[in-house]
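Here the structure is laid out as structure tokens; the discussion comes afterwards.
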Amino acid sequence: MKKVSALLLAFSLSAVAHAESPKPAAAPRRVEIQVTEEGYKPAKLTAKPGESLVLVFKATGATGCCGSIVVPDAKWSGTVDKSKPVEVAVTMPASGKLTFACSMHMCQGEIDAK
Ligand SMILES: [Cu+2]
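Convert by adding 802 to the 1-based position in the sequence shown; the result is the number in my numbering.
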């Protein structure tokens, strides 16, 4: 019995220690971007240099060619449609902009590192 309660105590102590340990690296910030036939909303965003983001491209209606998205910095391209939001993990550059666009570059968006 003694052994069991000691184990339980150790377990609950480690659970407390875990809960109080310093925050792990912050989870990537999720940024929602609406995809419409007219373009991306918002089309201009800002983020901290080096910040980890998850771009969540969502569509509520027709996307036209804006639905075919390229994120060069993440070496990613894909298609978003009404029933299928897509998530793209990106890391902001130290300076400058991270851009996204449709594959024909008519619809464009950018995230400013600052
Ligand atoms: Cu286009």
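Beta carbons: idealized from backbone N, C-alpha and C, even for Gly.
Do residue 901 and residue 882 have their C-beta atoms within less than 8 angstroms of each other? Translated into positions along the sequence shown, residue 901 becomes position 99. Translated into positions along the sequence shown, residue 882 becomes position 80. Cβ atoms of residue 901 and residue 882: not closer than 8 angstroms.
Any heavy atom of ligand 1 closer than 7 angstroms to the Cβ of residue 908? Indexing the sequence shown from 1 puts residue 908 at position 106. For ligand 1, at least one heavy atom lies less than 7 angstroms from the Cβ of residue 908.
Shortest alpha-carbon distance to residue 899 belongs to which of 857, 916 and 871? Along the sequence shown, one-based indexing puts residue 899 at 97. Nearest C-alpha to residue 899: 916.
Answer with buried or exposed for residue 909, where buried requires no fewer than 16 other C-beta atoms within 10 angstroms of its C-beta. Along the sequence shown, read from residue 1 onward, the residue named residue 909 stands at position 107. Its Cβ being crowded by 16 or more others within 10 Å, residue 909 is buried.
Let me check one thing: in DSSP terms, what residues is residue 888 bridge-paired to? The residue given as residue 888 occupies position 86 in the sequence shown. DSSP lists 859 as partners of residue 888.
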